[in-house]
Each structure stands twice: as C-alpha cells, then as structure tokens.
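Undergrad: Protein chains in written order, with the numbering used here: chain H, 1 to 276; chain Z, 1001 to 1276. Even glycine gets a Cβ: it sits at the ideal position worked out from N, Cα and C.
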C-alpha cells in the first residue's frame, strides 16, 4: 500500500514557538495543557520541569506562569499580575492579534461576532477583550435571535473551517449595512485544511493524527471525512487498526497543529508494517 | 389567463424623490437623462420645462443643473460650481452615502473595490470620490491580476445582484486579512430582486417592464429568466407580443426602478385584452 503525506500538516508556527518559549522557562507552570498532546507535555515535564495546572484557580502559589497559545481571559491575566507571578507569554501572535481586533472593534461601536466554540479557551480569551456587545456563534441559525448593531465586525476562532466562516459572513452581509470581516483563520490552519481536501480526494483511506479535543484537528478530520469516507482520527499509532487498510491501495496521512513529527513518523512506520 | 404582480416593483424611493425635486426646479437641465424612461422625461419637459443635456460638455451656458440619482463625478461638480451654475442635487441618498464611504475608506488607506459596471454613470460618480487605490470589477476573475492592499473595502453599485456581490466578498475574504463589506445594494433593489424570484417561480411567463439601459432592470430581468425561462423585457406595452401568452395560465409582471406606474397599468390592460 502506498502512503502519501499531506503537503501541509502538523505543528504550526504558534505551537512551535510556544514549545520553544516553554523550553526556555524551566520550572514554570502552564495554565491548562500547553498543547493537545500528552506525550509532548510529558517530555516538557521530564526535560524542562514544566508543570501543567488544570485551571487558574491552582495558580495562587506558582512563581512563573506560561500563557499557552490560546491566550487567557483578561481578568485571569490581571489576577496573575496581582499575585506578582512572572508571566511568560506564549500566546500565538495570531490570537494576540485577534484579541486586539476585538478590543478595537468593540471600542469603535461595532457588534463583535466571534465564529467559534464558546467553551474553547481561545474564544474565552478573545471574547474577554471585546468590552461591549459581543456574541459567540457556530451557525447562521445562532444569529437569528440576536439584536446586533448595524455595524458588525466578524472574526473567527483561528482554527475553524473557512467555508463555514464565509457562510456566516454572507448571512451578515445580507442583513447588515456594514460587515467588517477579519479572516482570522490562521494560514497554517487554512493550508492544512486545503492539503487535507486535496489528499483525501486522491486516497482510499485517510489517517488524521491529532488530539481529540483539538479544535483544528476536528476541522481537519471533518474535511477528510467529507472527501474520503474511510477517514480515521487517532491520537497516536497505538489506536491504528489493521482492518482499516484491507484492500486499500493508497493511504493518506495528515495531522493537526499540535501533533509532533515523531508521532507522525511512528504512525507511518506502523502502517507500513501492517503488510495488508 | 391570470395576471400576478410582484410584491415589490417599479419606482424606488430615489427615483420618486428625484422626480419631485425636478418638478420643483422648473427650467432646469439634467446632466444626462433623469431616469431611464423616455415617456417620463417627455412629461417633465412638457409640464415643467426640464431639459436633458447629453453630457457635462453641454452645460456651459445653463443656469440651473439637476444632478440625477446616479450623481456626477467630483470634477464635473467642481466644473458646474466654477461656472456659477445653480445646483439642484437629486442624487439618490443611497448613492451619496456610497460616495462618502468610498471617500472615507480611500482616505483610511483601504483599497476600494467597487462591484459594478465601470461605464455606468453611478459608478463613475462613486469612483471619483475614492482618491487612491480604487478598482471597478464585475467578477472574481477581474480581481486576479490586481495588487490590492491587505485591507480592502468592498462596495456595490446600488443596483447589482446580491448573489454576485457576495461571491466577490467571499473571494476577497479568502485572500485578504480584512475586508470591510458595505452592502450598498439598495433595499428597493433587493426587494425587487426578491419579489421577482418569488413570482418567477410561480408563473408560466414573466414580463419585466423597464429601460433596456437600466442596470437594475437588467438584474431583475436576469433573475426572472433564471427562474422562468419565458421571461421578456419590454420598455412599454407596444413591445408585447400575443404569442408569448399562448397556452400560458399565469403571467407575472414586475418592473425596474425607473418604470412609472402608468406604464405598468397600460401593460396589464394590454395583456388582459389579448384573450389567449
């Protein structure tokens, strides 16, 4: 069986940068897991003494806090500062930009619409920067009961699907006089989605490697499934099942933004050894 | 044969307003025909001594100029002022707003994209208010060779089809970080388009009454044709042909924004008398 890798996959710029920052902050604690990948978190713990707090409530006694790529809500940041905790900011620069856009648009009197998952930490951090009218939505239906101002600013969680983002934009453009659309889906995400689509069309079976809680991985998997019915999402090579590959000629592999290269390598090795 | 009228059709707010303004400006001249309807222009000439100049070049010796709904380019306005010609501004307020948006966006460093017909007087007037980077386009293909700034402001000629406007918006959102979309398609136009679509789906034959040079009429006709193959565009009842109605059960009628009610009335009468 032939194995094909997507043209773009795996660690994005923001994740690479955050890991590098964490490696230089020995002994610090991250508020929430640094990335959606337990193996990588374990490596950082063992080699750099980076511990993981489950929430801000556990932070009172730490000395140094790493803000992960998703950022944290404004109030949480204030809380860390009030406790004189040293802050190591590994917020993805694309998320920082998103926070700034929300802050500015909200100040300028726009209703801010965030396309994303209300419960996702990135969305919570971004939302906290819009002071006035701000809503988080996942579909056009969510817009219907809202009373937005005539001027709307639309942003997206960095890891959403572009096609869904644009549907929201179209709906708003139809109903509002001015819609300021900030395409804040990050390029790495867009490229991963594009490559997944291209590859999924060419192969018989697709393996998506990534965290099952990871927003960008979920989007990649949804796209993969759309274009290749036999798509499987795994966190690591141990979840692979031989029967997925029976009578398949070409297997495509891609990965979410928080999947280290070494897990992808192990996945390829295991599939190669199946000899189906 | 049953005859059904579209829920919205005919004279829009801007045209009604312009005619009222012209009726109060006895002896004035319009720069270009006031509306795309010769009968109405004749009525204004006979009853209110309103003459029609073909272009600004003929304006040197007039005393009072009526600016029609489309507006005029900034330079032409300056020219009229420099000749001490009294100006009666019948520019549609929606077009004035469009001019202001272009001026502001251009000043704020946005590349201004106007979705419309480069040769249409409205577009020429609007375009003249964007001082720096401004382009006029009709399709996504037109965008490809352009070198726009990262920040783009998108506006539309007031009479274009919404579905096409949104295609341009989507293309820009994909390729640009910020797209400020101003839905400047006027409500009357949108309502006429919507009503045309609804009616065209219900009937066997559609009659669209309007100027063959009128942008909004052309859009209405295109929508009608899309949903009812047997659609015909006429300027007045004399163009109606009996054979269009043979074996038809329901005839739909709609009209462009510059079609006076009395022409629609005559059209209905003539169709009723066909007795097919």
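1. Taking Cβ positions, are residue 125 of chain H and residue 72 of chain H nearer each other than 7 Å?
2. Note down the Cα distance separating residue 273 of chain H from residue 213 of chain H, rounded to an integer number of angstroms.
3. Can you find the residues in the same chain that come closer than 6 Å, C-beta to C-beta, to residue 277 of chain H, ignoring five residues on each side of it along the sequence?
4. From the DSSP output, which residues share a beta bridge with residue 1206 of chain Z?
5. Compare the C-beta of residue 1144 of chain Z against all C-beta atoms of chain H and say whether one is closer than 7 Å.
6. Are the CB atoms of residue 147 of chain H and residue 106 of chain H within a distance shorter than 7 Å?
7. Suppose you measure from the CA of residue 1204 of chain Z to the CA of residue 1248 of chain Z; what does that come to, to the nearest Å?
8. With a cut-off of 8 Å, do at least 3 Cβ pairs link the region 231-239 of chain H to the region 256-273 of chain H?
9. Please report how far the alpha carbon of residue 137 of chain H lies from the alpha carbon of residue 164 of chain H, in whole angstroms.
10. Does any CB atom of chain H fall closer than 7 Å to the CB of residue 1223 of chain Z?
11. Would you tell me roughly how many angstroms separate the C-alpha atoms of residue 1057 of chain Z and residue 1108 of chain Z, rounded to the nearest one?
12. When you compare only the Cα positions, how much space is there between residue 1193 of chain Z and residue 1098 of chain Z?
13. Would you please verify whether the beta carbon of residue 968 of chain Z is less than 7 Å from any beta carbon of chain H?
14. Assuming contact is defined by CB atoms lying nearer than 7 Å, are residue 1156 of chain Z and residue 1184 of chain Z in contact in what I supplied?
15. For chain H, check one thing: does any of its Cβ atoms lie closer than 7 Å to the Cβ of residue 1097 of chain Z?
16. Is the beta carbon of residue 15 of chain H closer than 7 Å to that of residue 35 of chain H?
17. For residue 1121 of chain Z, is the classification buried or exposed, using 16 other Cβ atoms within 10 angstroms of its Cβ as the cut-off for buried?
18. Give the single residue among Z:1129, Z:1267 and Z:1042 whose Cα lies nearest to the Cα of residue 1239 of chain Z.
19. Look at the alpha carbon of residue 65 of chain H and the alpha carbon of residue 1169 of chain Z, and state the distance between them as a whole number of angstroms.
20. Residues of chain Z with a CB under 8 Å from the CB of residue 166 of chain H: which are they?
21. Just to make sure I have the definition right: I need the residues of chain H whose C-beta is within less than 8 Å of the C-beta of residue 1160 of chain Z. Which are they?
22. Please report the straight-line C-alpha distance between residue 226 of chain H and residue 188 of chain H, rounded to a whole angstrom.
23. Report the option in H:96, H:27 and H:141 whose CA atom is closest to the CA atom of residue 46 of chain H.
24. Taking its Cβ as the centre, do 16 or more other Cβ atoms sit within 10 Å of residue 42 of chain H, making it buried, or is it exposed?
25. Comparing the C-beta of residue 216 of chain H with each C-beta of chain Z, is any distance below 7 Å?
26. Going by other Cβ atoms of all chains shown within 10 Å of its Cβ, with 16 needed for buried, is residue 1049 of chain Z buried or exposed?
27. If you measure beta-carbon to beta-carbon, which residues of the region 175-203 of chain H are closer than 9 Å to chain Z?
28. Quick one, which of Z:1135, Z:1059, Z:1118 and Z:1254 has its alpha-carbon nearest residue 1221 of chain Z's?
29. Got a sec? Which residues, its chain only, sit under 7 Å from residue 70 of chain H by beta carbon, not counting five neighbours each side?
30. Excluding the five sequence neighbours on either side, which residues of its own chain have a C-beta within less than 6 Å of the C-beta of residue 92 of chain H, listed in chain order?
31. Exposed or buried, residue 1178 of chain Z, counting other C-beta atoms within 10 Å across all chains shown (16 or more means buried)?
32. Identify every run of the alpha helix (DSSP H) within the region 1135-1163 of chain Z, keeping only runs that are complete inside it and at least 4 residues long; order them along the chain.
33. Just how far apart, CA to CA, sit residue 1210 of chain Z and residue 1217 of chain Z?
34. In whole angstroms, give me the CA-to-CA distance for residue 1241 of chain Z and residue 1251 of chain Z.
35. May I have the straight-line CA-CA distance separating residue 1161 of chain Z from residue 10 of chain H, to the nearest angstrom?
TA: According to the data block:
1. As a first step, residue 125 of chain H is located in the first chain; it is residue number 125 there, counting from the start. As a first step, residue 72 of chain H is located in the first chain; it is residue number 72 there, counting from the start. Note that the C-beta distance between residue 125 of chain H and residue 72 of chain H is below 7 Å.
2. Here residue 273 of chain H refers to the residue found at position 273 when the first chain is read from its first residue. Here residue 213 of chain H refers to the residue found at position 213 when the first chain is read from its first residue. Residue 273 of chain H and residue 213 of chain H: Cα-Cα distance of roughly 28 Å.
3. Only positions 1 to 276 of chain H appear in this structure, which leaves residue 277 of chain H out of reach.
4. The residue given as residue 1206 of chain Z occupies position 206 in the second chain. BP columns for residue 1206 of chain Z point to Z:1231 and Z:1252.
5. The residue you call residue 1144 of chain Z lines up with position 144 of the second chain. Answer no: the Cβ-Cβ gap between residue 1144 of chain Z and chain H never drops below 7 Å.
6. Taking the first residue of the first chain as 1, we reach residue 106 of chain H at position 106. Taking the first residue of the first chain as 1, we reach residue 147 of chain H at position 147. No, the pair does not count as a contact, with Cβ atoms beyond the cut-off.
7. One-based indexing of the second chain puts residue 1204 of chain Z at position 204. One-based indexing of the second chain puts residue 1248 of chain Z at position 248. Just so you know, the alpha carbons of residue 1204 of chain Z and residue 1248 of chain Z end up roughly 6 Å apart.
8. By the Cβ rule, the region 231-239 of chain H counts as touching the region 256-273 of chain H, because three or more pairs are nearer than 8 Å.
9. Numbered from its first residue, the first chain carries residue 137 of chain H at position 137. Numbered from its first residue, the first chain carries residue 164 of chain H at position 164. For residue 137 of chain H and residue 164 of chain H, the distance between alpha carbons rounds to 11 Å.
10. As a first step, residue 1223 of chain Z is located in the second chain; it is residue number 223 there, counting from the start. Chain H contact via Cβ: absent.
11. For the purposes of this step, residue 1057 of chain Z is identified with residue 57 of the second chain, where counting begins at 1. For the purposes of this step, residue 1108 of chain Z is identified with residue 108 of the second chain, where counting begins at 1. The straight-line gap separating the alpha-carbon atoms of residue 1057 of chain Z and residue 1108 of chain Z is approximately 33 Å.
12. In the second chain, residue 1193 of chain Z corresponds to position 193, counting from 1. In the second chain, residue 1098 of chain Z corresponds to position 98, counting from 1. Cα to Cα, the separation comes out at about 20 Å.
13. One cannot answer for residue 968 of chain Z here, as it falls past the ends of chain Z, which runs 1001 to 1276.
14. To locate residue 1156 of chain Z, count along the second chain from 1; it is residue 156. To locate residue 1184 of chain Z, count along the second chain from 1; it is residue 184. A contact, by the Cβ cut-off of 7 Å.
15. Reading the second chain from its first residue, position 97 is the one you call residue 1097 of chain Z. Cβ-Cβ to chain H under 7 Å: no for residue 1097 of chain Z.
16. For this step, residue 35 of chain H is matched to residue 35 along the first chain. For this step, residue 15 of chain H is matched to residue 15 along the first chain. Going by C-beta atoms, residue 35 of chain H is nearer than 7 Å to residue 15 of chain H.
17. Indexing the second chain from 1 puts residue 1121 of chain Z at position 121. Residue 1121 of chain Z comes out buried.
18. Walking along the second chain from the start, residue 1239 of chain Z turns up at place 239. It is Z:1267 whose Cα lies nearest to the Cα of residue 1239 of chain Z.
19. Taking the first residue of the first chain as position 1, residue 65 of chain H is located at position 65. Taking the first residue of the second chain as position 1, residue 1169 of chain Z is located at position 169. Here the alpha carbons of residue 1169 of chain Z and residue 65 of chain H stand approximately 42 Å from one another.
20. One-based indexing of the first chain puts residue 166 of chain H at position 166. 1170, 1173 and 1174, listed in chain order.
21. Stepping through the second chain from its first residue, residue 1160 of chain Z is reached at position 160. Close to residue 1160 of chain Z, with beta-carbon spacing below 8 Å, lies no residue of chain H; the smallest spacing is near 13 Å.
22. Along the first chain, read from residue 1 onward, the residue named residue 226 of chain H stands at position 226. Along the first chain, read from residue 1 onward, the residue named residue 188 of chain H stands at position 188. Cα-Cα distance, rounded: 20 Å.
23. One-based indexing of the first chain puts residue 46 of chain H at position 46. Measuring from the Cα of residue 46 of chain H, the nearest candidate turns out to be H:27.
24. For the purposes of this step, residue 42 of chain H is identified with residue 42 of the first chain, where counting begins at 1. Exposed is the call here.
25. In the first chain, residue 216 of chain H corresponds to position 216, counting from 1. No, because no Cβ of chain Z sits closer than 7 Å to the Cβ of residue 216 of chain H.
26. For the purposes of this step, residue 1049 of chain Z is identified with residue 49 of the second chain, where counting begins at 1. Counting Cβ neighbours within 10 Å, residue 1049 of chain Z comes out exposed, since fewer than 16 surround it.
27. Residues are counted here when their Cβ sits less than 9 Å from a Cβ of chain Z; for the region 175-203 of chain H these are 175, 176, 177, 178, 179, 180, 181, 182, 183, 184 and 190, given in chain order.
28. Position 221 of the second chain, counting from 1, holds the residue named residue 1221 of chain Z. Comparing C-alpha distances from residue 1221 of chain Z to each of Z:1135, Z:1059, Z:1118 and Z:1254 shows the shortest one belongs to Z:1254.
29. Along the first chain, read from residue 1 onward, the residue named residue 70 of chain H stands at position 70. So the list reads 95, 121, 122 and 125, once near-sequence residues are dropped.
30. Within the first chain, numbered from 1, the residue matching residue 92 of chain H stands at position 92. Only 14 and 69 meet the Cβ criterion.
31. Position 178 of the second chain, counted from the first residue, corresponds to residue 1178 of chain Z. Its Cβ being crowded by 16 or more others within 10 Å, residue 1178 of chain Z is buried.
32. Under the rule that a run must span 4 or more residues, the alpha helix (DSSP H) segments found entirely inside the region 1135-1163 of chain Z read 1140-1143.
33. In the second chain, the residue the question calls residue 1210 of chain Z occupies position 210. In the second chain, the residue the question calls residue 1217 of chain Z occupies position 217. Using only the alpha carbons, I get a separation of about 6 Å.
34. Locating residue 1241 of chain Z in the second chain gives position 241, where the first residue counts as 1. Locating residue 1251 of chain Z in the second chain gives position 251, where the first residue counts as 1. A straight line joining the alpha-carbon of residue 1241 of chain Z with that of residue 1251 of chain Z spans about 13 Å.
35. Numbered from its first residue, the second chain carries residue 1161 of chain Z at position 161. Numbered from its first residue, the first chain carries residue 10 of chain H at position 10. Answer to the nearest angstrom: the Cα atoms are 41 Å apart.
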